[in-house]
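Student: Take this structure first; my questions come after.
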Amino acid sequence: MTENTVNRAKWKENVILVDADYVDKVVFNLTVNFERMLERHIPQADMAMWADCVALDGGLRPGDNEIQVVLIHSKEKEEFDNFNPSNFALEYIDKAFKDHIGEFIFSAYPVEDELVSYGDYFAQSMQYIASQEEVKRLMVIPNAEDEDIYNKVRVGLRQMDGDKDITLYTMQPTAGGKYKQEMLGLSIMAALKITSEEIKNKIK
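My numbering puts the first residue of the sequence shown at 100, with every later residue one more than the last.
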């Protein structure tokens with residue numbers, strides 16, 4: 100991601116950077132597992148609910164916040180399979196919603212993998228966004244299960260200025276660094292409307 104490939108509009112103070120392909124895969128896997136466990140249909144994940152939970156886990160509180168959500172996806176993938184809304188071009192690019200957390204402004208960028216690898220593009224996007232003076236809080240959801248991608252992210256995070264508030268979201272705890280960590284699965288469960296009480300009642 101460079102100045103030539105992103106909207107030149109002023110960046111917001113809060114940014115959520117998402118590996119959309121990976122998160123979509125995680126939602127699918129959790130859906131399959133919880134449908135078996137709970138013995139009921141699990142609806143598609145609610146993007147607005149998920150974005151709220153990610154923002155709250157990243158330290159935001161209800162108010163008049165502005166949050167940019169940047170979705171990175173493979174160029175052959177035109178939409179989410181497991182989120183509502185789904186289509187990147189029609190339902191995410193230059194779209195926004197506002198609720199009690201603030202206004203969420205979406206953008207989506209396909210990876211031209213003949214020019215750059217998926218991992219390099221994600222890591223470069225992360226570093227570019229973090230380098231913007233306006234950005235104070237960065238919430239990063241990478242594919243931490245891909246060792247190559249995650250190593251690029253970790254290296255990039257180590258090179259960032261110490262004044263940025265950075266939160267990394269993963270499915271499993273990872274080696275620490277100059278950032279906070281949150282469990283990705285909790286926000287996805289909320290977006291799938293799965294509660295801890297329902298799980299407890301089922302496994303009694």
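Note that CB positions come from ideal geometry on N, CA and C, so glycine has one too.
Measure the C-alpha to C-alpha separation of L285 and K109 and round it to an integer number of angstroms.
Tutor: Residue numbering aside, residue 285 sits at position 186 when the sequence shown is read from its first letter. Residue numbering aside, residue 109 sits at position 10 when the sequence shown is read from its first letter. Distance between the alpha carbons of L285 and K109 is about 31 Å.
Student: Identify whether T266 lies in helix, strand or coil by the three-state DSSP scheme.
Tutor: For the purposes of this step, residue 266 is identified with residue 167 of the sequence shown, where counting begins at 1. Correct three-state label for T266: strand.
Student: Sort out for me which residues DSSP pairs R91 with in a bridge.
Tutor: In the structure as shown, the chain begins at 100 and stops at 303. Residue 91 is therefore absent and cannot be evaluated.
Student: Look at L170 and A119 and say whether their C-beta atoms are less than 8 Å apart.
Tutor: On the sequence shown, residue 170 is found 71 positions in, with the first residue counted as 1. On the sequence shown, residue 119 is found 20 positions in, with the first residue counted as 1. Closer than 8 Å, so yes.
Student: With a Cβ-Cβ cutoff of 8 Å, do D163 and F127 count as a contact?
Tutor: Residue numbering aside, residue 163 sits at position 64 when the sequence shown is read from its first letter. Residue numbering aside, residue 127 sits at position 28 when the sequence shown is read from its first letter. Against a cut-off of 8 Å, the Cβ pair of F127 and D163 comes out as no contact.
Student: Can you tell me which of P184, Y121 and A147 puts its alpha carbon nearest to the alpha carbon of I200?
Tutor: For this step, residue 200 is matched to residue 101 along the sequence shown. Nearest C-alpha to I200: A147.
Student: Between which two residues does the alpha helix (DSSP H) harbouring V122 extend?
Tutor: Taking the sequence shown and counting its residues from 1, the one referred to as residue 122 is at position 23. Run containing V122: A119 to L137, per the alpha helix (DSSP H) assignment.
Student: Pull up the CB-CB distance for N250 and E165, whole angstroms please, since I reckon it's below 8 Å.
Tutor: Along the sequence shown, read from residue 1 onward, the residue named residue 250 stands at position 151. Along the sequence shown, read from residue 1 onward, the residue named residue 165 stands at position 66. About 32 Å; that fails the 8 Å criterion.
Student: At 4 residues or longer, what runs of the alpha helix (DSSP H) sit wholly inside the segment 152-213?
Tutor: With a minimum length of 4 residues, the continuous alpha helix (DSSP H) runs that stay inside the segment 152-213 are 187-190.
Student: Under the DSSP definition of a beta bridge, which residues are partnered with E281?
Tutor: For the purposes of this step, residue 281 is taken as residue 182 along the sequence shown, with counting starting at 1. Its beta-bridge partners are Y268.
Student: Based on Cα-Cα distance, which residue from V153, R160 and K176 lies nearest to Y327?
Tutor: Look at the range of the chain in this structure, 100 to 303, and you will see that residue 327 is not part of it.
Student: Counting along the chain, where does the alpha helix (DSSP H) carrying A376 start and finish?
Tutor: In the structure as shown, the chain starts at 100 and stops at 303, and residue 376 therefore has no counterpart that could be examined.
Student: Counting beta carbon pairs with one atom in the segment 252-267 and one in the segment 124-139, are three or more of them shorter than 8 Å?
Tutor: Too few Cβ pairs lie closer than 8 Å, so no.
Student: What distance in whole Å lies between the Cβ atoms of Q167 and K235, which are believed to be in contact at a cut-off of 8 Å?
Tutor: Along the sequence shown, one-based indexing puts residue 235 at 136. Along the sequence shown, one-based indexing puts residue 167 at 68. That pair is no contact at about 12 Å.
Student: Could you spell out the range, first to last residue, of the alpha helix (DSSP H) harbouring L256?
Tutor: The residue you call residue 256 lines up with position 157 of the sequence shown. From DSSP, the alpha helix (DSSP H) with L256 extends over E246 to R257.
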